[in-house]
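Shown next, in structure tokens, is the structure this report addresses.
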Amino acid sequence: MTGAVLAGGFAYGGDYNPEQWAPEVWRNDVELMNRAGVNLVSVGIFSWARIEPREGEFDFAWLDEVLDLLHAGGVRVDLATATASPPPWLAIAHPEVLPVTAEGVTLSSGSRQAYCPSSPVYRRYAARLVEAIVERYADHPVLELWHINNEYGCHVSHCYCDASAAAFRRWLEAKYTTVDALNDAWGTAFWSQHYDSFDEVLPPRAAPTFRNPTQLLDFDRFSSDELLDCFRMEKAIIRSRSSVPVTTNFMGFFKPADYWAWAQEVDVVSDDSYPDPADPRSPVYAAMQRDLMRSLGGGAPWLLMEQSPGAVNWRERNAAKLPGQMRAWSYQSIARGADGILFFQWRQAVAGAEKFHSGMVPHGGTDTRVFREVEQLGGELRALSTRPGLLGARVPAQVAIVFDWDSWWAVEQEASPARTSYLEEVFSWYAALAAAGVTVDFVRAGGDLTGYRAVVAPTLFVAGDPALEALDRFARDGGTLVVGFLTGVLDPHLHVRTGGYLGPLRDTLGVWIEEFAPPAAPDLAATGGGEPPAVAVRGDVIGGAASAAQWAEYVRAEAAEVEAVFDHGPLSGHPAITRRSHGEGSAWYIATRLDPEPLARLLDAVLTAASVERRPSIAGVELVQRGDVLAAINHSPSPVTLDLPGTDLLTGASATGLELGPQGVALIVE
Amino acid sequence: MTGAVLAGGFAYGGDYNPEQWAPEVWRNDVELMNRAGVNLVSVGIFSWARIEPREGEFDFAWLDEVLDLLHAGGVRVDLATATASPPPWLAIAHPEVLPVTAEGVTLSSGSRQAYCPSSPVYRRYAARLVEAIVERYADHPVLELWHINNEYGCHVSHCYCDASAAAFRRWLEAKYTTVDALNDAWGTAFWSQHYDSFDEVLPPRAAPTFRNPTQLLDFDRFSSDELLDCFRMEKAIIRSRSSVPVTTNFMGFFKPADYWAWAQEVDVVSDDSYPDPADPRSPVYAAMQRDLMRSLGGGAPWLLMEQSPGAVNWRERNAAKLPGQMRAWSYQSIARGADGILFFQWRQAVAGAEKFHSGMVPHGGTDTRVFREVEQLGGELRALSTRPGLLGARVPAQVAIVFDWDSWWAVEQEASPARTSYLEEVFSWYAALAAAGVTVDFVRAGGDLTGYRAVVAPTLFVAGDPALEALDRFARDGGTLVVGFLTGVLDPHLHVRTGGYLGPLRDTLGVWIEEFAPPAAPDLAATGGGEPPAVAVRGDVIGGAASAAQWAEYVRAEAAEVEAVFDHGPLSGHPAITRRSHGEGSAWYIATRLDPEPLARLLDAVLTAASVERRPSIAGVELVQRGDVLAAINHSPSPVTLDLPGTDLLTGASATGLELGPQGVALIVE
Amino acid sequence: MTGAVLAGGFAYGGDYNPEQWAPEVWRNDVELMNRAGVNLVSVGIFSWARIEPREGEFDFAWLDEVLDLLHAGGVRVDLATATASPPPWLAIAHPEVLPVTAEGVTLSSGSRQAYCPSSPVYRRYAARLVEAIVERYADHPVLELWHINNEYGCHVSHCYCDASAAAFRRWLEAKYTTVDALNDAWGTAFWSQHYDSFDEVLPPRAAPTFRNPTQLLDFDRFSSDELLDCFRMEKAIIRSRSSVPVTTNFMGFFKPADYWAWAQEVDVVSDDSYPDPADPRSPVYAAMQRDLMRSLGGGAPWLLMEQSPGAVNWRERNAAKLPGQMRAWSYQSIARGADGILFFQWRQAVAGAEKFHSGMVPHGGTDTRVFREVEQLGGELRALSTRPGLLGARVPAQVAIVFDWDSWWAVEQEASPARTSYLEEVFSWYAALAAAGVTVDFVRAGGDLTGYRAVVAPTLFVAGDPALEALDRFARDGGTLVVGFLTGVLDPHLHVRTGGYLGPLRDTLGVWIEEFAPPAAPDLAATGGGEPPAVAVRGDVIGGAASAAQWAEYVRAEAAEVEAVFDHGPLSGHPAITRRSHGEGSAWYIATRLDPEPLARLLDAVLTAASVERRPSIAGVELVQRGDVLAAINHSPSPVTLDLPGTDLLTGASATGLELGPQGVALIVE
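Chains as they are written, first to last, in my numbering: chain B, -1 to 668; chain A, -1 to 668; chain U, -1 to 668.
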């Protein structure tokens, strides 16, 4: 992880696909890029077919010309390895490269990403392509960054073909060594699933009913690893000739790829982010995604590799961004650690599946609000680049949330205690902390917790002892630990931690769980003529009574104080929220999902006890500190008047009495 | 297109499937047909297996007997070519005739229509069958009409098998000549989809994500053409021996078949129509379908080839028709240009998948309301046949709606600006015009607009320059042109018309479109605690304020008067409805979908300016002029008193003060 | 059918899967079983892979030890044949054993039940396994019952592979002898489906549209028979060496298996029952299931083979059982004829797909509510076993409901008069009778009706003449017959009974049906701006007016009294409920589905006329008589005070003034 400053300041630009345009347009592109302040473009992402129009014949002349033009125009290049979408000829010659679904459906060429990540044929052709590109451009002076593949796994994250089956077996053999160990881990004594050799093991293809949970989880792990292996193969080829940093664009909270592992392999974390402009939760959800990106890189600056200047093209309704919204969300990224803002794509396409995805240069040309906003932001970032204190600076955080792909994969499996959304649960904590004026880091399970005052572990469903012991130590060393329901239920093989679940945390928390008791799903209300009565929770720490409609369980408090109890039917009076003190530290257990208001009350108590510093709360306004700058962003539809000390870098105005219109931004320094 | 009078007057009858019944029933059938006034029946539609029970062995004896019986009974025959449903033996001998879905699922025998339209094997066997039938019956005196195949594409409109792939490639090569031209048209530079030869091209089979839009559209065009090619093959065989007119039954607004092309090939347009009796929109929707049929034939009389006497069998709930409803809807067809009323089917089946589809002779026999209504209508049509002025007459219309299959196919693709229903948009205009007392023709894009006072082009999403220029000329020549949103966005290759969309219409309308801004989908209201605020539109021309919940966009008025503006958030004050005058003519642009009431207000202004004549408006009553007859049909559940000049042909009563009960009909002449 | 008392009293226990646990746990298991009063466990259900870890190698040592341990501990064994889930090696060696869906998707190993029931390979291996097990354990003294396979058809009830196709053809040939007879029965004259030989016939695989209804029904019958054939094969092997009774566990109202046929083959009926604790309809639905089980065995005692001690793991939300609910539902089973209560499973698993399914020994151990309730019930049942009068006793019933799998299969086919739920219709009658204080038997169509005072035939859609004649005789012999809509519509080949449907019942009832007229589906209310007006029914016998939103039809009363009429639009005044007297007997026809309240009124009239005895009605309390015991079970959330003569066996308290808390149970003897 280098997180190095790219393009000499805040990077600014987007995906550039010159193969879609005639060469006369290229010259106009460079002129407009200069006008818009663009200093970095990603080139070649979907160029395999143009570079190698038939097997083994390479055509680089057009790309030479493009790169030379950009270089002459002062625009730096994030050069793609072009392996993201094989040309049709590959699948015609080698149909076995095509991905296959769990139901046995082969996915054809004609869209993008039509390859099995485990296919040795795909990998051989991809490697040859990367070698040719690296050989040709490793020394080109325009080169700033290598862009390996693109959005790995976006459409094909899991492949069930025979090549994948063979690769899965190799992966399993490397992990378990003996088939007996696999049988133990997978619990194949159940349902007569015993394997006599690795040769009998398959991917979790369509089956009569629930497939083996550990097989499913291992297949998720394998699938993430297999894509990462493709990345590593390309990176190794690059490294053999070039020391320019490499990246591949992440996609935020993307379930199929465990980015904690991936982030170890990239030099710069970069992210694609497409929140729905019409969704009122988008500003907070986007903030959460930015904080993940910063956290993946250990706090190092990262790149917003793709966002849309306006609407996208793949939603049911593709809302346009509001005036100023693109700029506001760009500054949100910068405030949360980004050192560059890029878009998909430079010039809006006129053909193909993404022609209705907005571009920096829209269909309507430059006399458009979108282009004007692109120009404005480019100018501002150029000015900010010369100022020390923001570019390259860190974002301080006193609270961490544990985020864990294993738990995400496992808790959303088909035979869980209840169908629950891991991301919704994490979001409910993140949103409440954001509303409380707290910046959050994400940490991996078992990661370093040094320096945090409070740590939240929501639904850490799958966890090894070391991860749970790290949380235990944190609480005993004076930290404030908050543990959400369905934590520590399973070990990494998905075996139950018997005796009340929680494993080592049972003692940390002073509770154990006798039984899960999720409330009835609302649609049952329709049957039998009545409504299933709502489960509630009650306690001073949440300000009285609150709903517990999402989750409930029988908690047995052994050595904890009961801060709130359930309040319905047989659960009445049983603990719902508990706290155990460990000297300076303490450990909370929350046995339900709270709505925003009671959760805010609870957090108020937790954060106060943990001495976490909070920013003032201004309705609709996001406040984040990065380096010496306090960013203020108004996400609300109404103007807001700030009353903060300092001066706005963007306007030079005083932040005391400063009015921010809707989507307005101030960068305040004291 | 002949549209000739068939069966010597108004044709009346239905599908007749004697192979389902013992010969003793046949005699009773002919008697009952005479009693019911039946003069035309469709025979042999599903008789392939009976005619050719095993490969190459033909059995015509039973059919000889049936046709002779009908002839003796004075019932004319619409003789089918029997190719609609191959017998099981064909697929057993040649499994490659079976159709295959995009996901690779082979569809088996055991229902109907189990063949790939592109299969050379199917076509060979079908041709042999048609030859045998034509050879035997071309000179039979009972013959009135040839019925080619049946409901082409009803269940299998798109086939993705290898034979279809080969046929698609031939079709593409004929269209594009070179693969470079195909690459340009399809925009394969995007997503690395370049084809090096036609041999690499496939149907749009299941793929990782959005398939190439132009590939999809060309496959829609190909699939319609390929079915039409089957039709043409059969017609050529018939023409080699017989000059009796041919038809094939259309299915109203049937997305997979571009009936503008098909209508060129049939001698008589015929239609199958099954509106839901329980759906309050059915009378207007059915009227729209009848007007399409008339328009397909250039105004020539057409046949209602299939409707149900009562309930159908394939809905979630198969509502019975109300007393009189079958008769009312039959007269609606006649009033809108039909010269014949036929049913599926004569005698209700006792076995098979359609036994619960009603028949003219129901399960309950002749002492039933259904049979009595069948008898009554037959008698009335016989009487009307002898009267000049209605049979064979034309239906005048001063307003036309442009209807375009390319636009339908393209705007409902998966990567459009918003998921929208083309048919809903067209229907909203049709229903408003009907409510305003206006009869409408449909015209194809680029079709002749001579004689119309007003033309509406709703969402003409895909259009070549000639089609747009024809609209432009219409407005400049004094016509009133109304253009709906999402018009002229793409050319026929689905390339964007840059510079504000609309192409040649930009100048006609005096506006260009900077950006689409569809309102948020309602389900987003559930997130974030609030509702996305409703987008509205405001202007005198629509009578104040109205909802614009379906669509909005940033319209830039260059040379148009703004008649209404959007009224929410950043769209506020931007044009929503504009008008540009061109001497006598004018061109309106409507940037949203209006609800019925504001649309009625808008149409009132438009129609008044265009001097379009309107019939009086009587709630629940449909009024249509055909020839010298003004048909009045009461679709409402309450009696209505007419106050019109003239006399009702059916009863001889004066139309002034004439009460029409629910489902009542009057045919008024002055 | 023996229904013999097992394990020397009330059987008590559950599925025991020792292969999931280390041998040291086995000893603890036996101790805990003794503590809990367990006297019968099912062993080996999923043990194929453990018994035969590779082809042809059998390992019985572990099972010897387990059985010996259990025997030593006094626990009897229901020994499984272990054929329910083949090990992975079988499908690796013989991929053709895997089941295939109608769409052609092969279902893989890795879950359970991955075999085609018609596969000769599967059957050969299964037979060899059963032979080995029987050979080894036929004489083991611990053996109480043979458990053949497990939940036949639960996940794979219909297989469409080539082996299934071949078996289906053999089944058809045995049924029809000639292909002409099949063509007649299936009505293949329709849609050109004529078969020239049995070799052309296929299972109803995915097809372009509605498949042949009789083919579908025959395939349902075949699929049930084919599974039963597997059962018979295993039973024959057992019988060649052992006279210990056999069972296989049913699954209540399980659509794919016609349990009337199955029940002839088992010695003891046993059932798996998993009502949703969160569904307020569960107590009545469960009662209905228990009554079916008793009826399947002709009134003989049956076994509750599986229920859950607490939550299951496969629902959207897996609700915990309320305190006491497991016990209350167990007594419900006993009161309705069960002589044993068993659970899935003894010790809650820690791995695999069902680890979150509760166990008698939960994850939390024995200091848990669940284990305490298990212990309590075990103790009570042990005490009750020694008392004559309940164990082995019969449950009297004066009312029977006709339940028919053919009708279930046929009426829910895709081309029916309306999509309707057969089970919902039956449940509406069952629930109303239960609310009226009446115990119900189920009888098969054509079954013996001797001794019943009233018989209800809800939607007996498919029926042969003998079945309808049996109902006719019942009414003419003085019984009260109640016939629901859509009865007698089709004969067993699914040919329509023309002339008003109902066949022989037309005279019994004195009515015929002219036309079905189902009310519009509610979602049509959204179209056209209005609501489709509700169809109603009106008559003193139902206490005035009531909704008829589910069904309506045109009934022609020839010789019946009209007790209620429809009351909407054209149906107004037409008969909805009719009654014809036959001396002492009478025959009612109900042409709609009534809501609970009007149905209660109607039943009051029917039951009074039929002199059916009724138990008192106490809100929320179930009362059932078995032997000399009147069971009272409080399913409501509130305490209830009984005012009944007699004494509670469980507490010795008087039943007069006895308070039952929520989930409370009293077993009252006079």
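Every residue, glycine too, gets a C-beta built ideally from N, C-alpha and C.
Query raised in the report: Are Val436 of chain A and Val400 of chain A touching if we call contact CB-CB under 8 Å?
Result: As a first step, residue 436 of chain A must be located in the second sequence, where it is residue number 438. As a first step, residue 400 of chain A must be located in the second sequence, where it is residue number 402. Val400 of chain A sits away from Val436 of chain A, with the two beta carbons spaced by 8 Å or more.
Report task. Could you spell out where the beta strand (DSSP E) holding Ser535 of chain U opens and where it closes? Result -> Within the third sequence, numbered from 1, the residue matching residue 535 of chain U stands at position 537. Here residue 535 of chain U is Val; the residue named in the question, Ser, does not match the sequence. Val535 of chain U -> beta strand (DSSP E) spans Ala534 to Gly537.
Query raised in the report: For Val95 of chain U, is the classification buried or exposed, using 16 other Cβ atoms within 10 angstroms of its Cβ as the cut-off for buried?
Result: Reading the third sequence from its first residue, position 97 is the one you call residue 95 of chain U. Buried is the call here.
**Report entry** CB contact check: Pro97 of chain B to chain U, cutoff 8 Å
**Finding:** The sequence position of residue 97 of chain B within the first sequence is 99, counting from 1. Not one chain U Cβ lies under 8 Å of Pro97 of chain B.
Query raised in the report: What residue range is occupied by the uninterrupted beta strand (DSSP E) comprising Tyr428 of chain B?
Result: Taking the first residue of the first sequence as position 1, residue 428 of chain B is located at position 430. Unbroken run through Tyr428 of chain B is the alpha helix (DSSP H), Tyr420 to Ala433; no beta strand (DSSP E).
Query raised in the report: Residue range of the alpha helix (DSSP H) that Ala607 of chain A falls in?
Result: As a first step, residue 607 of chain A must be located in the second sequence, where it is residue number 609. Pro594 to Ala607 is the extent of the alpha helix (DSSP H) around Ala607 of chain A.
Requested in this report: Excluding the 5 residues preceding and the 5 following Ala664 of chain U in the sequence, name in chain order all residues of the same chain whose CB lies nearer than 7 Å to its CB.
Outcome: Start at 1 with the first residue of the third sequence, and residue 664 of chain U comes out as number 666. So the qualifying residues of the chain are Ala630, Leu640, Asp646, Leu648, Ala653, Leu656 and Leu658.
Query raised in the report: Taking Cβ positions, are Gln661 of chain A and Ala326 of chain A nearer each other than 8 Å?
Result: By 1-based counting over the second sequence, the position of residue 661 of chain A is 663. By 1-based counting over the second sequence, the position of residue 326 of chain A is 328. A contact, by the Cβ cut-off of 8 Å.
Query raised in the report: Along chain U, in chain order, which residues have C-beta atoms closer than 9 Å to that of Tyr193 of chain B?
Result: Position 195 of the first sequence holds residue 193 of chain B. Ala47, Pro85, Pro86 and Trp87, listed in chain order.
Report task. Consult DSSP for Leu632 of chain A and reduce its assignment to one of helix, strand or coil. Result -> Position 634 of the second sequence, counted from the first residue, corresponds to residue 632 of chain A. The sequence shown places Asn at residue 632 of chain A, rather than the Leu named in the question. If DSSP states are grouped into helix, strand and coil, Asn632 of chain A belongs with the strands.
Query raised in the report: What residue from U:Gly498, U:Pro490 and U:Ser634 has the CA that sits closest to Ala183 of chain U's CA?
Result: By 1-based counting over the third sequence, the position of residue 183 of chain U is 185. Comparing Cα-Cα distances from Ala183 of chain U to each of U:Gly498, U:Pro490 and U:Ser634, the minimum goes to U:Pro490.
Report task. Identify each residue in the region 114 to 136 of chain B for which the Cβ-Cβ distance to at least one residue of chain D is less than 7 Å, and report them in chain order. Result -> This model lacks chain D altogether, as its protein chains are B, A and U.
**Report entry** Three-state class that DSSP yields for Pro643 of chain B in the structure shown
**Finding:** Within the first sequence, the letter at position 645 stands for residue 643 of chain B. It is a strand residue.
Requested in this report: Quick one: grab the DSSP three-state call for Thr576 of chain A.
Outcome: Indexing the second sequence from 1 puts residue 576 of chain A at position 578. Three-state DSSP puts Thr576 of chain A in a strand.
Query raised in the report: If you draw a straight line from the C-alpha of Val453 of chain U to the C-alpha of Leu431 of chain U, how long is it?
Result: Here residue 453 of chain U refers to the residue found at position 455 of the third sequence. Here residue 431 of chain U refers to the residue found at position 433 of the third sequence. About 11 Å.
Query raised in the report: Under 8 Å between the Cβ atoms of Glu556 of chain U and Trp586 of chain U?
Result: On the third sequence, residue 556 of chain U is found 558 positions in, with the first residue counted as 1. On the third sequence, residue 586 of chain U is found 588 positions in, with the first residue counted as 1. No; because the gap between Cβ atoms is not below 8 Å, this pair is not in contact.
Report task. State yes or no: is the C-beta of Gly72 of chain U within less than 8 Å of the C-beta of Gly376 of chain U? Result -> Within the third sequence, residue 72 of chain U is the residue found at index 74, counting from 1. Within the third sequence, residue 376 of chain U is the residue found at index 378, counting from 1. Their beta carbons are not under 8 Å apart, which means Gly72 of chain U does not touch Gly376 of chain U by this criterion.
Query raised in the report: Where in the region 218 to 306 of chain B do unbroken runs of the beta strand (DSSP E), each at least 3 residues long, occur, reported from the N-terminal end onward?
Result: 268 to 270 and 300 to 304
Query raised in the report: So Arg624 of chain U is in the beta strand (DSSP E); what residue range does that whole segment cover?
Result: By one-based count along the third sequence, residue 624 of chain U stands at place 626. Looking at the DSSP string, the run of the beta strand (DSSP E) that includes Arg624 of chain U is Val619 to Arg624.
Query raised in the report: Which residue from B:Ala546, B:Gly357 and B:Gly567 puts its Cα closest to that of Phe369 of chain B?
Result: Start at 1 with the first residue of the first sequence, and residue 369 of chain B comes out as number 371. Of the listed residues, the one whose Cα sits closest to Phe369 of chain B is B:Gly357.
Requested in this report: Please work out which residues of its chain come closer than 8 Å, Cβ to Cβ, to Thr418 of chain U, disregarding the five sequence neighbours upstream and downstream, and give them in chain order.
Outcome: Residue numbering aside, residue 418 of chain U sits at position 420 when the third sequence is read from its first letter. Once the five neighbours on either side are set aside, the close Cβ partners of Thr418 of chain U are Val409, Glu410, Thr457, Leu484, Gln548 and Trp549.
Query raised in the report: Taking DSSP as the reference, what is the three-state secondary structure of Ser40 of chain A?
Result: Counting from 1 along the second sequence, the entry for residue 40 of chain A is found at position 42. In this structure, Ser40 of chain A counts as strand in the three-state DSSP scheme.
Query raised in the report: Does the distance from the C-beta atom of Arg591 of chain U to that of Glu423 of chain U stay below 8 Å?
Result: Locating residue 591 of chain U in the third sequence gives position 593, where the first residue counts as 1. Locating residue 423 of chain U in the third sequence gives position 425, where the first residue counts as 1. With respect to Glu423 of chain U, Arg591 of chain U sits close: the two C-beta atoms are nearer than 8 Å.
Query raised in the report: Can you tell me whether DSSP reads Thr506 of chain A as helix, strand or coil?
Result: Mapped onto the second sequence, residue 506 of chain A falls at position 508. Helix, per DSSP.
Query raised in the report: With distances taken from CA atoms, which of A:Pro594, A:Ala607, A:Trp403 and A:Ala391 is nearest Leu628 of chain A?
Result: To locate residue 628 of chain A, count along the second sequence from 1; it is residue 630. Of A:Pro594, A:Ala607, A:Trp403 and A:Ala391, the residue nearest in Cα terms is A:Ala391.
Report task. Compare the Cα-Cα distances from His566 of chain B to each of B:His580, B:Ser579, B:Arg536 and B:Gly581 and report the closest residue. Result -> As a first step, residue 566 of chain B must be located in the first sequence, where it is residue number 568. The residue with the shortest Cα to Cα distance from His566 of chain B is B:Arg536.
Requested in this report: Tell me the start and end of each unbroken alpha helix (DSSP H) in the region 351 to 406 of chain B that is at least 4 residues and wholly inside, in chain order.
Outcome: 367 to 383
Report task. Kindly indicate which residue of B:Trp87, B:Trp189, B:Ala187 and B:Pro139 has the alpha-carbon position closest to the one of Ser195 of chain A. Result -> Taking the first residue of the second sequence as position 1, residue 195 of chain A is located at position 197. It is B:Trp87.
Report task. Would you kindly check if the distance between the Cβ of Gly108 of chain B and the Cβ of Ala187 of chain A is under 8 Å? Result -> Walking along the second sequence from the start, residue 187 of chain A turns up at place 189. Walking along the first sequence from the start, residue 108 of chain B turns up at place 110. Against a cut-off of 8 Å, the Cβ pair of Gly108 of chain B and Ala187 of chain A comes out as no contact.
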